[in-house]
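All residue numbers for the sequence shown refer to this note's numbering, where the first residue is 72 and numbers rise by one.
Single-structure report; data block below.
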Amino acid sequence: MSTSRHRRWRRKIGPVSRWLPAFARLSTVFLLIALALFVALRVAAPYLISTGFVRSGIEDTLSKWTGYHAEIKGSPVLEFWPTPRITLNQITIRQPRESGDKLLGSIESLSADFSLIDALRGRTSFHEFHLVRPKLALTRDERGLIDWSYAGLLARAISGVRYENGAEVLDPDLDAEIGAVTVEDGTLVVTDVKSATTYHFDSVTADIAWPRLSGAISAVVIARINGEDLKIDFASRQPLLAFAGRNAETRTSLTSNLLTAHFQGIASIASLSAFSGNAAVTIPDVPALLTWSGKSIPGIATLKSASLESDIMSSGNGLRFNNLSLSLNEASATGVMDLFTQPGKRPKIGGTLAFDQMNLKPFLDAFALRLAAGEAEEVSGISGPLRVLDVDVRVSARRAQMGLFELSDVGASMIVAGGEAKFDIGDSQFEGGEMTAHLEATQRDFDGGGKLQLSIRNADFAALAERLQLKGPLPLATGSLDLDLQSPKAIWTTGLADVTGRLHFWTGEGTIPGIDAAALRTQAAEKPFFPLSAAAGGAFTFNQLNLQADFANGSAEMHDARIAGATQTLTLSGVITYQSNGLALSGSLDATDPAKAAELPLLPFFIGGSWPNPVISPVPLFGNTPQAQ
Numbered sequence: 072m073s074t075s076r077h078r079r080w081r082r083k084i085g086p087v088s089r090w091l092p093a094f095a096r097l098s099t100v101f102l103l104i105a106l107a108l109f110v111a112l113r114v115a116a117p118y119l120i121s122t123g124f125v126r127s128g129i130e131d132t133l134s135k136w137t138g139y140h141a142e143i144k145g146s147p148v149l150e151f152w153p154t155p156r157i158t159l160n161q162i163t164i165r166q167p168r169e170s171g172d173k174l175l176g177s178i179e180s181l182s183a184d185f186s187l188i189d190a191l192r193g194r195t196s197f198h199e200f201h202l203v204r205p206k207l208a209l210t211r212d213e214r215g216l217i218d219w220s221y222a223g224l225l226a227r228a229i230s231g232v233r234y235e236n237g238a239e240v241l242d243p244d245l246d247a248e249i250g251a252v253t254v255e256d257g258t259l260v261v262t263d264v265k266s267a268t269t270y271h272f273d274s275v276t277a278d279i280a281w282p283r284l285s286g287a288i289s290a291v292v293i294a295r296i297n298g299e300d301l302k303i304d305f306a307s308r309q310p311l312l313a314f315a316g317r318n319a320e321t322r323t324s325l326t327s328n329l330l331t332a333h334f335q336g337i338a339s340i341a342s343l344s345a346f347s348g349n350a351a352v353t354i355p356d357v358p359a360l361l362t363w364s365g366k367s368i369p370g371i372a373t374l375k376s377a378s379l380e381s382d383i384m385s386s387g388n389g390l391r392f393n394n395l396s397l398s399l400n401e402a403s404a405t406g407v408m409d410l411f412t413q414p415g416k417r418p419k420i421g422g423t424l425a426f427d428q429m430n431l432k433p434f435l436d437a438f439a440l441r442l443a444a445g446e447a448e449e450v451s452g453i454s455g456p457l458r459v460l461d462v463d464v465r466v467s468a469r470r471a472q473m474g475l476f477e478l479s480d481v482g483a484s485m486i487v488a489g490g491e492a493k494f495d496i497g498d499s500q501f502e503g504g505e506m507t508a509h510l511e512a513t514q515r516d517f518d519g520g521g522k523l524q525l526s527i528r529n530a531d532f533a534a535l536a537e538r539l540q541l542k543g544p545l546p547l548a549t550g551s552l553d554l555d556l557q558s559p560k561a562i563w564t565t566g567l568a569d570v571t572g573r574l575h576f577w578t579g580e581g582t583i584p585g586i587d588a589a590a591l592r593t594q595a596a597e598k599p600f601f602p603l604s605a606a607a608g609g610a611f612t613f614n615q616l617n618l619q620a621d622f623a624n625g626s627a628e629m630h631d632a633r634i635a636g637a638t639q640t641l642t643l644s645g646v647i648t649y650q651s652n653g654l655a656l657s658g659s660l661d662a663t664d665p666a667k668a669a670e671l672p673l674l675p676f677f678i679g680g681s682w683p684n685p686v687i688s689p690v691p692l693f694g695n696t697p698q699a700q
């Protein structure tokens, strides 16, 4: 059996061994002939192909592609090894004089590979273009489209491309080979007609792969704008649709020290009508980005970093951000957001965000959309984004920080409409109680001033005083507070002297450490004046406290504050200058029960000096002295 198997293998291998040497010899002959022809063509090419012929061919190619007239002033250089290549210098591309003589751009040096066989047949075809220090000027019209201008092949292909059965379709007579294009140290100037803004891109380096007009494109572009380097990666299977401002599949990313952004999906450079895909944006230093862009948002210094990732899709006249992940500094949120745009109306941002924990101040700063002074556009006689953008955002947070205050289970909203901005905390837990707040910034892009309304119920003010590290004899109790403040100035420029308003504070049982009622009476009987610290040996225990004050011109005017204890009642009224901690108060200490007035007679006094250790001066009653009391 084994012998039979070997015989069958020898019958199969035998014929192969006979023809293999013949195939090797034939292949070697063909290879040598091809190599000889390759060398012969390159040796003979300089004598068979004229420089002028190739030069006129690339001039015609540039004119055909752009629709403009290409002029070459420098002397061309032909190379034939290792591949045929032409290098041209001092190229300008402009409209024919009879059509306006508009300059599209100039190129210091242009190199391109060309087909040797086509050149020998009297035709020219080029690929692998390399541009050194090109200068290109483009215009973005009011529709958001790039003016590819005149009547070149690129412009005709962009206008003639069609979308059929999910693919980009181009007529064969509009199609052409391109190949690879590299750009070195270029300059691009884009004039946006709609915004009347000109963008300058310097030090442009690009590597573009676009085999055919009808094929896919991939490009990597590095450019410098306003002193910052940006890297853009762009890829699309439908580039002509994209350049035409129509919906096209794209993958784009932007990378810089100030901003990182990525998008993959369907987009248009001119419209949001069919926008869908996934986007991610990261800003590591928000103030630095604003400084680079020339914009300013007051108070934004507290917002250090921001990032966003979301699925985006068109929805009616706007965009919807689904599965949104938003981060502001260390606070992260998830939710859904909408951007609405309607002709004749202001764009509107709406939605809901749920935070685990957050800092409310950066959140407010993020929505304080104010341009730098003098840069805002005039809209209906009032400047600034409050006149061109509406906001309606609902926010919830398990924990929130607002300065030194900590809140829990917060429900809040931010509304910007009609030139006003309102921020409401509709519900929150604060120091064991509840807090609601309303912050309102009025006309002229927050410059018209604002007001704050704060309501606290059944909160532990003893814990709050400890948290704020307040000094001096303060009421420590569970109580409630209503605060209503206004300022005629912009919120970020308002000082204490600019605030007006009213405060109402009331509590149940509590104590005021540092005030000993018995020691106060003793000191008043012995001395014409004494520091409060001289009567600080104990604490004043009270059953009820009720205080009202008005704020204006940097001071608070207290109206008959009444602190009722079990046996004695303390009343205060007067002025507190809170910029300097100065006091000018009149007070009295008398019996809570009128039946004990003889045992605890009325003790009037004056409080002056500064907090937390003012000076107390007993005030004699009419016809008596304090010692006679």
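Using N, Cα and C, we set each Cβ at its ideal position, and we do this for glycine too.
*List in chain order: all unbroken alpha helix (DSSP H) runs of 4+ residues lying wholly within the stretch 207 to 240.*
Counting whole runs of 4 or more residues, the stretch 207 to 240 contains the alpha helix (DSSP H) stretches 224 to 231.
_In chain order, what are the residue ranges of uninterrupted alpha helix (DSSP H) at least 4 long that sit wholly in the stretch 332 to 385?_
Unbroken alpha helix (DSSP H) runs of no fewer than 4 residues, entirely contained in the stretch 332 to 385, are found at 357 to 364, following chain order.
*Sorry if obvious, but does the Cβ on L554 come closer than 6 Å to a heavy atom of the ligand GTP?*
The ligand GTP is not part of the structure shown, which contains no ligands of any sort.
*Grab me the residues of S127's own chain with a C-beta within less than 7 Å of its C-beta, minus the 5 sequence neighbours each way, in chain order.*
Excluding residues within five positions, none has a Cβ falling inside 7 Å.
_Helix, strand or coil at D569 according to DSSP, with G and I counted as helix_ = Residue state, collapsed to three classes: helix.
*So what does DSSP say about E597, is it helix, strand or coil?*
In the structure shown, E597 adopts helical secondary structure according to DSSP, grouped into three states.
*Ignore the nearest five residues each way along the sequence and tell me which others in E248's own chain have a CB closer than 6 Å to its CB.*
A distance below 6 Å between beta-carbons, with the five flanking residues on each side excluded, links E248 to the following residues of its chain, in chain order: R283.
_Run of the beta strand (DSSP E) containing E299, from where it starts to where it stops_ = Its beta strand (DSSP E) spans residues 299 to 307.
*asked:* P689 and I678 - do their beta-carbons sit closer together than 7 Å?
replied: Using a Cβ distance threshold of 7 Å, I678 and P689 do not count as a contacting pair.
*asked:* Cutting at 6 Å between CB atoms, please list the residues of its own chain near N160, excluding the five before and the five after it.
replied: Excluding the 5 residues flanking it on each side, N160 has same chain C-beta neighbours closer than 6 Å at G145, S180, in chain order.
*What first and last residue would you give for the alpha helix (DSSP H) that runs through F535?*
Rather than Phe, the amino acid found at residue 535 in this sequence is Leu. 532 to 539 is the span of the alpha helix (DSSP H), which, as asked, contains L535.
*Entirely within the stretch 635 to 695 and at least 3 residues each: give me those beta strand (DSSP E) ranges in chain order.*
Taking only runs of at least 3 residues, the beta strand (DSSP E) segments lying wholly in the stretch 635 to 695 are 639 to 648, 653 to 662, 674 to 681, 686 to 689.
*Could you tell me the distance, in whole angstroms, from the CA atom of S499 to the CA atom of R573?*
Cα to Cα, the separation comes out at about 22 Å.
_Using only CA atoms, which one of A530, N430, A596 lies nearest to E505?_
The shortest CA-to-CA distance from E505 to any of A530, N430, A596 is the one to A530.
_Is the separation between the beta-carbon of I527 and that of S551 shorter than 7 Å?_
With a cutoff of 7 Å on beta-carbon distance, I527 and S551 are scored as near each other.
*Reference P358, options A341, N328, Y234, closest by Cα*: Of the candidates A341, N328, Y234, the one whose C-alpha sits nearest the C-alpha of P358 is N328.
*Using the DSSP secondary-structure output, state which residues sit across from L174 in a beta bridge.*
Answer is R165.
*Under 8 Å by Cβ, that's how I've got A468 and V481 pegged, so tell me the actual separation to the nearest angstrom.*
At roughly 4 Å, the Cβ-Cβ gap stays under 8 Å, so A468 and V481 are in contact.
_Inter-stretch contact at 8 Å, needing at least 3 Cβ pairs: the stretch 374 to 386 / the stretch 396 to 405_ = Judged by Cβ distances under 8 Å, the stretch 374 to 386 makes contact with the stretch 396 to 405, as three or more pairs qualify.
_Using 8 Å for Cβ pairs, my map puts Q639 next to L671. What's the rounded Cβ distance?_
So it is a contact: roughly 6 Å between Cβ atoms.
*Would T578 be called buried (16 or more neighbouring beta carbons within 10 Å of its own) or exposed?*
Taking a 10 Å sphere around the C-beta of T578, we find 16 or more other C-beta atoms and assign the residue as buried.
*Contacts around A606, its chain only, beta-carbon distance under 6 Å, and the 5 residues preceding and following it disregarded*: The beta carbon of A606 sits closer than 6 Å to those of D587, A590, L591, Q594, all from its chain and outside the five residues before and after it, given in chain order.
*Kindly indicate which three-state DSSP category L399 falls into: helix, strand or coil?*
The answer is strand: DSSP assigns L399 an E or B state.
*From this set, D304, F185, G215, which residue's C-alpha is nearest G250's C-alpha?*
Among D304, F185, G215, the Cα nearest to that of G250 is on F185.
_Against chain D, with Cβ distances strictly below 7 Å, would I496 count as a contact?_
Among the chains in the structure shown there is no chain D, since it carries only a single protein chain.
*Could you check which residue in F613, A404, T326, A341 has the C-alpha nearest to that of V291?*
It is T326 whose Cα lies nearest to the Cα of V291.
*Is L175 buried or exposed, if buried means 16 or more other CB atoms sit within 10 Å of its CB?*
Per the 10 Å Cβ criterion, buried.
_Taking the alpha-carbon of D664 as reference, which of A635, T154, G680 has the nearest alpha-carbon?_
Of the candidates A635, T154, G680, the one whose C-alpha sits nearest the C-alpha of D664 is A635.
*I think I293 touches A280, with their Cβ atoms under 8 Å apart; what is that distance to the nearest whole Å?*
With 8 Å as the limit, I293 and A280 do not qualify as a contact, their Cβ atoms being about 16 Å apart.
*Cβ-based neighbour list, S274, same chain, cut-off 7 Å, excluding 5 preceding and 5 following*: Within the same chain, and ignoring the five residues on either side of S274 in sequence, the residues whose Cβ sits closer than 7 Å to its Cβ are D256, A294, R295.
*asked:* Using C-beta distances below 7 Å, list every residue in its chain close to H271, excluding the 5 sequence neighbours before and after it, in chain order.
replied: Taken in chain order, the residues that qualify are V260, I296.
_So, with DSSP's three-state summary, where would you put S134?_
If DSSP states are grouped into helix, strand and coil, S134 belongs with the helices.
*Ordered along the chain, which non-local residues of its own chain (more than five positions away) have a Cβ less than 8 Å from that of Y234?*
Excluding positions up to five away in sequence, the list reads V240, Q309, L312, R317, N318.
*What are the partner residues of I420, as DSSP defines its beta bridges?*
For I420, which the question treats as bridged, DSSP gives the partners L410, V462.
*Using 10 angstroms around the beta-carbon of L475, count the other beta-carbons present and answer buried if the total reaches 16, otherwise exposed.*
Its Cβ having fewer than 16 others within 10 Å, L475 is exposed.
_Spatial distance of I420 from N624 (CA atoms)_ = Using only the alpha carbons, I get a separation of about 38 Å.
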